[in-house]
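Residues in the sequence shown are numbered consecutively from 0, following numbering that gives the first Met the number 0. Cβ atoms here follow ideal geometry from the backbone N, Cα and C, with glycine treated the same way. Here the structure is a predicted model, which is why all the values come from computation and not from measurement.
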Amino acid sequence: MNLGLYIHIPFCHRRCTYCDFYLTTNLSLIDNFVDALIQEIKLYSLKYPGCTVDTVFFGGGTPSILTTNQFDKIIRSINNNFKILSSPEITIECNPEDILGDTSKFYDFKSIGANRISVGVQSFIDKELSFLTRLHNGSDAVKSLEISVSLFDNVSADLIYSFNGQELCDVKYNLNKFLELGLQHISAYTLILEKGTLLYKEYERKNLLKTVDSDNPQFYEFVNSILNSNGYNHYEVSNYAKNGFRSKHNLKYWDFDYYLGLGPSAHSFIGNNRFSNPKSLKQYTDKLSAGILPVETNDTLSATEHKNDYFISVLRCNGVNFAKYKQLFGSVFMEDFKIVAENILKLNLAVADNDSLKLNEKGFALADEITLGFLQ
Ligand code: SF4
């Protein structure tokens with residue numbers, strides 16, 4: 000069995016107001032967490048002996064908070080416990096303030112094994128960054144990306160767009176900065192007001208929730224046209240890559256392949272099981288120090304859930320591969336979903352050939368609505 004490994008590093012310098020990821024700002028707990036993580040790696044290597052790993056993704060939280068020593072311990076443990084296939088993709092998410100605060104650490108990360116860096120830039124405009132309560136400013140964003148590009152051959156950055164008060168010219172300014180810097184990969188997300196976040200509560204208090212338009216199609220089309228015309232392939236609803244630089248790890252999610260999530264709140268998908276760890280660092284470390292895997296939820300998918308999950312995953316990226324569909328579900332996709340498939344093809348929302356059916360640019364913009372047509 001081949002797996003992608005996701006490692007959730009649940010620490011940040013402070014919480015951004017729009018963020019709903021599980022994390023803590025108590026950095027004194029990092030060493031304990033790393034010990035627990037190493038224990039979790041060992042326990043899973045015993046549970047899945049002989050499994051191979053070809054991607055490792057450090058997400059968070061802020062993985063760039065780790066010291067060289069902590070990162071080294073984790074990578075050594077992965078290498079010692081899993082069989083790593085040749086040329087694995089090893090991504091580390093970083094924030095500009097960490098890159099600028101201790102640049103030498105990133106040389107170490109690279110020599111230890113990281114070969115892809117994903118930088119949480121979000122914007123180059125100071126007023127937007129301060130609205131998002133990020134710790135960096137526009138000039139930090141540029142400098143940190145210049146360093147990243149000089150160090151790594153595979154650099155991705157995140158952009159957040161389409162929020163209150165933003166004009167199209169602001170999005171253009173941000174995209175142009177990315178283009179000047181020559182990144183290999185860009186993830187562009189609209190700002191989503193998640194319930195429970197500090198920003199959501201603030202908007203609720205000021206009765207502003209109705210005014211939020213986080214899904215402006217004009218902005219989405221604009222981002223697509225600029226990035227497409229500059230050599231970025233729009234390969235997933237929110238992701239764009241130069242040739243050969245799609246995120247191999249994230250493709251595991253979108254191609255319905257298996258992945259193992261480690262760290263508090265991390266999710267896994269193996270066989271027809273989805274399981275997850277608790278959103279509590281204490282419960283996570285307590286369980287592991289007692290030698291127990293910290294799994295909190297463990298659901299075996301019914302046949303219907305399995306198929307629904309398949310469509311939710313694949314339609315936002317590479318679409319339905321007919322051979323894989325037959326292998327998973329034992330039937331012929333174009334017979335099972337003839338009417339829905341013909342409809343979206345007729346409406347010019349998808350393209351199909353002998354091997355697959357895939358949403359096109361127009362279809363990506365309506366991916367959620369189209370997916371509903373395939374769910375049972
Ligand atoms: S840096 Fe990222 S993970 Fe940390 S609080 Fe901000 S958005 Fe969330």
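Rounded C-alpha distance that separates residue i from residue j
i           : j           : result
residue 134 : residue 128 : 8 Å
residue 244 : residue 299 : 33 Å
residue 218 : residue 171 : 10 Å
residue 339 : residue 246 : 29 Å
residue 121 : residue 336 : 39 Å
residue 419 : residue 270 : Not covered by the structure: residue 419. The range shown for the chain is 0 to 375.
residue 130 : residue 310 : 35 Å
residue 0   : residue 364 : 34 Å
residue 119 : residue 95  : 7 Å
residue 225 : residue 231 : 9 Å
residue 161 : residue 21  : 24 Å
residue 139 : residue 30  : 28 Å
residue 343 : residue 369 : 8 Å
residue 78  : residue 8   : 18 Å
residue 39  : residue 146 : 33 Å
residue 46  : residue 80  : 11 Å
residue 2   : residue 50  : 7 Å
residue 149 : residue 114 : 12 Å
residue 347 : residue 265 : 37 Å
residue 191 : residue 15  : 13 Å
residue 237 : residue 273 : 24 Å
residue 302 : residue 324 : 13 Å
residue 366 : residue 341 : 16 Å
residue 205 : residue 136 : 27 Å
residue 199 : residue 207 : 9 Å
residue 60  : residue 280 : 12 Å
residue 73  : residue 33  : 7 Å
residue 174 : residue 251 : 27 Å
residue 132 : residue 202 : 15 Å
residue 112 : residue 345 : 47 Å
Residue i, enclosing beta strand (DSSP E) - first and last residue
i           : result
residue 235 : 232-235
residue 239 : 238-240
residue 185 : 184-189
residue 357 : 355-358
residue 157 : 154-160
residue 343 : Unbroken run through residue 343 is the alpha helix (DSSP H), 337-345; no beta strand (DSSP E).
residue 245 : Careful: residue 245 lies outside any beta strand (DSSP E) and carries neither H nor E.
Bridge-paired residues (DSSP) for residue i
i           : result
residue 298 : 273
residue 88  : 54
residue 260 : 5
residue 82  : 51
residue 168 : According to DSSP, which records beta bridges pairwise, residue 168 is partnered with nothing at all.
residue 379 : Past the boundaries of the shown model lies residue 379; the chain is included only from 0 to 375, so the question cannot be answered.
residue 116 : 91 and 154
residue 349 : 358
residue 121 : 158
residue 266 : 275
Neighbour-count burial assignment, residue i, 16 or more Cβ in a 10 Å radius
i           : result
residue 316 : buried
residue 216 : exposed
residue 374 : exposed
residue 43  : buried
residue 54  : buried
residue 11  : buried
residue 164 : exposed
residue 358 : buried
residue 293 : buried
residue 158 : buried
residue 326 : exposed
residue 331 : exposed
residue 297 : exposed
residue 93  : buried
residue 106 : exposed
residue 48  : exposed
residue 24  : exposed
residue 88  : buried
The alpha helix (DSSP H) enclosing residue i, as first and last residue numbers
i           : result
residue 111 : 102-111
residue 139 : 137-150
residue 38  : 29-46
residue 330 : Looking at the DSSP string, residue 330 is not in any alpha helix (DSSP H), and its letter there is neither H nor E.
residue 127 : 125-130
residue 22  : Premise fails: residue 22 is in no alpha helix (DSSP H) and is neither H nor E.
residue 414 : The question about residue 414 has no answer, for the chain in this structure spans 0 to 375.
residue 254 : Element bounds for residue 254: n/a, residue is neither H nor E.
residue 281 : 280-288
Within-8 Å CB hit, residue i to chain C
i          : result
residue 35 : Looking for chain C here will not work: only one protein chain is present.
Around the ligand SF4, Cβ to any heavy atom closer than 6 Å, ordered along the chain:
11, 14, 15, 18, 20, 22, 59, 60, 61, 94 and 119
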